[in-house]
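In terms of the numbering used here, the sequence shown opens at residue 37 and continues consecutively.
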Amino acid sequence: PPAVNGRPPALTAAGAATLIAAAGTAASTLSALNAACALFLVLEAATPL
């Protein structure tokens, strides 16, 4: 039967792909946030105020 909440069951190939995609999205978001913080800190340190 189809999943009620719109997500495939985790123990199927589609469910595993969904979980891997979600983990990849989360890792990408954290990487972008880390890069933004590093850029901000570098610019703040390099700006004479």
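Backbone N, C-alpha and C fix where the C-beta goes; we use that ideal spot for every residue, glycine too.
Alpha carbon of residue i to alpha carbon of residue j, nearest angstrom
i     : j     : result
THR83 : LEU69 : 21 Å
LEU79 : ALA71 : 12 Å
LEU66 : THR48 : 27 Å
ALA53 : CYS73 : 30 Å
ALA62 : LEU75 : 20 Å
ALA58 : SER64 : 10 Å
GLY60 : GLY42 : 20 Å
Contacting residues, own chain, Cβ-Cβ under 7 Å from residue i (five flanking each side not counted)
i     : result
LEU55 : ALA46
Beta-carbon contacts of residue i that lie in its chain and below 6 Å, excluding the five residues immediately before and after
i     : result
GLY51 : PRO44 and PRO45
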